Amino acid sequence: MAAVTVRNLPEETHRALRVRAAQHGRSTEAEIRIILEDAVRPETRVKMGSELQAFGRRFGGIELEPTRNPNSVEPAIFE
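Numbering (my numbering), first residue to last: 10 to 88.
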């Protein structure tokens, strides 16, 4: 797992983080992890698979009958 160091954090910001962490019953470090996680990976983010599924539903969907090509494929040669 990666480690991040934040330099020059204003004391007021650090104090606010400590207070917020205490309100949530967490350590300051755990609170910072949650804040960062929420900022970069919000639950409301668009997920490609879900969007494609919704797109298909809007147009009534399609029926696919996947068939496998019985011909063997030559492996790649990296020489």
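Just so it is clear, CB atoms sit at the ideal spot from N, CA and C, and this is done for glycine as well. Please read all numbers here as calculations on a predicted model, not as lab measurements.
| query | result |
| --- | --- |
| Identity of the residue in R54, T37, V55 nearest L24 by Cα | Note on identity: in this sequence residue 24 is Arg, with Leu being the wrong assignment. Checked all of R54, T37, V55; the closest Cα to R24 is T37. |
| Whole-angstrom C-beta distance between L26 and I43, which should lie under 8 Å | Contact flag wrong, Cβ pair sits at about 11 Å. |
| Alpha-carbon spacing of S59 relative to E20, whole angstroms | 42 Å |
| Three-state class that DSSP yields for I41 in the structure shown | helix |
| Alpha-carbon spacing of V13 relative to L45, whole angstroms | 11 Å |
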